[in-house]
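**Q** Once you've had a glance at the structure underneath, I'll fire off some questions.
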Amino acid sequence: MRHRELHVYRGHQASQTGFIMGQEFAGTVVEAAIVAPATIADEALVLMADIFPTGYYAVKSGMEMLTGMAVRDSTIVVVGSGPVGLCAIVAAANLRPQRLLAIDSVKDRLGRAEKLGAKPLNLLDGMANLQAQVEAVTEGRDADLVIEAVGLSPALRTAFEIIPWSAKEAYDKNVRLQMGRCPVRSIFSEALELLEKKQKSLGFLTSNRMPLSEAEAGYKLFDGARVSKVIFKPGL
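Per the UniProt record's numbering, residue 1 is the first one in the sequence shown, and the count goes up by one each step.
Structure (structure tokens):
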């Protein structure tokens, strides 16, 4: 189950009967690409199908924009502590920034984020409170990098409001916005290397398994934020 499929499930992306969800068909595979190391569990490799490379790339591309700044002096904020957001937190924590913050409205997700090394901030406390907390933690510097890991307009708006956006501040801080598809092939090996080291900390993402015949129930659990991820296994 992939987080983007919730856009269809919730009706944000209209679709007709027969619409194919998930990744595109690969066609005929005639060449092996990367052999997974024996030291990484098969269950952990499921994360390499989408969410871990995505979270990893968000952090990697963001840090590349912070030219002239040492990672140890940076403040990174991740908006959304769903599967992609948690993977981004793992990737960011591995860089050892001075401050790593996570924003979400689900208590369980914030607890996960905290265990992975981020300071949790509850969206339900209100935007003014979030801004004040970020300003206090950074002693008035505010965030250097904000990663929006939800994929919906309200989350993007939250990310915008975490960074000051007056003309003067945007000019002085060289504020930049980057969007786009994760180039999985180009960063796959380095993301896999990190997952190999951090797979145990993300084990909870692959612990929920259900038969494919119970897919509808699985989506209800996922939609209600009662599980972080679901693996469907035909014949289970």
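Where is the CB? At the ideal position from N, CA and C, for every residue including glycine.
It should be emphasised that the depicted structure is a prediction, and the values quoted were computed from it without experimental measurement.
(1) Classify glycine 140: buried if its beta carbon has 16 or more other beta carbons within 10 angstroms, exposed otherwise.
(2) Any heavy atom of the ligand SAH closer than 8 angstroms to the CB of asparagine 174?
(3) Could you compute how far the alpha carbon of lysine 220 sits from the alpha carbon of glycine 11?
(4) Let me make sure I understand the geometry here. Which of Tyr56, Asp125, Leu194 has the alpha-carbon closest to that of isoleucine 40?
(5) What residues are listed by DSSP as bridge partners for lysine 119?
(6) Taking only runs that begin and end inside the region 180–205, name each unbroken alpha helix (DSSP H) of 4 or more residues, in chain order.
(7) Under the three-state reduction of DSSP, which class applies to valine 230: helix, strand or coil?
(8) Over what stretch of residues does the beta strand (DSSP E) that includes threonine 75 continue unbroken?
(9) Using only the alpha-carbon positions, how far apart do glutamate 64 and arginine 157 sit?
(10) Taking the alpha carbon of alanine 118 as the reference point, which residue from Arg109, Gly126, Asp125 has its own alpha carbon closest?
(11) Where do the ends of the alpha helix (DSSP H) carrying isoleucine 147 lie?
(12) Anyone know if the C-beta pair for glycine 62 and isoleucine 76 falls short of 9 angstroms?
(13) Take valine 86 and list the residues in its own chain whose beta-carbon comes closer than 8 angstroms to its own, dropping the five residues that flank it on each side.
(14) Just the C-alpha distance for alanine 132 and glutamate 43, rounded to the nearest angstrom, thanks.
**A** On the basis of the supplied data:
(1) With fewer than 16 Cβ atoms within 10 Å of its Cβ, glycine 140 is classed as exposed.
(2) Absent from the structure shown: the ligand SAH. Ligands present: none.
(3) C-alpha separation (whole angstroms): 13 angstroms.
(4) The shortest Cα separation from isoleucine 40 among Tyr56, Asp125, Leu194 belongs to Leu194.
(5) Beta-bridge pairing links lysine 119 to Leu101.
(6) Listed in chain order, they are 184–198.
(7) Secondary structure at valine 230: coil, using DSSP grouped into helix, strand and coil.
(8) It spans 75–79 - the beta strand (DSSP E) in which threonine 75 sits, taken as one unbroken run.
(9) Straight-line Cα distance between these residues: approximately 23 angstroms.
(10) When each option's Cα is compared against that of alanine 118, the closest is Arg109.
(11) Counted as a single uninterrupted DSSP element, the stretch harbouring isoleucine 147 is not any alpha helix (DSSP H) but the beta strand (DSSP E) occupying residues 145–148.
(12) Taking 9 angstroms as the cut-off, the beta carbon of glycine 62 is found closer than this to the beta carbon of isoleucine 76.
(13) Residue identity check: residue 86 is leucine in the sequence provided, not valine. Non-local C-beta neighbours of leucine 86 in its own chain, meaning closer than 8 angstroms and more than five positions away in sequence, comprise Gly55, Arg109, Arg112, Ala113, Leu116, Leu202, Leu205, Ser228, ordered along the chain.
(14) Rounded to the nearest whole angstrom, the C-alpha separation of alanine 132 and glutamate 43 is 40 angstroms.
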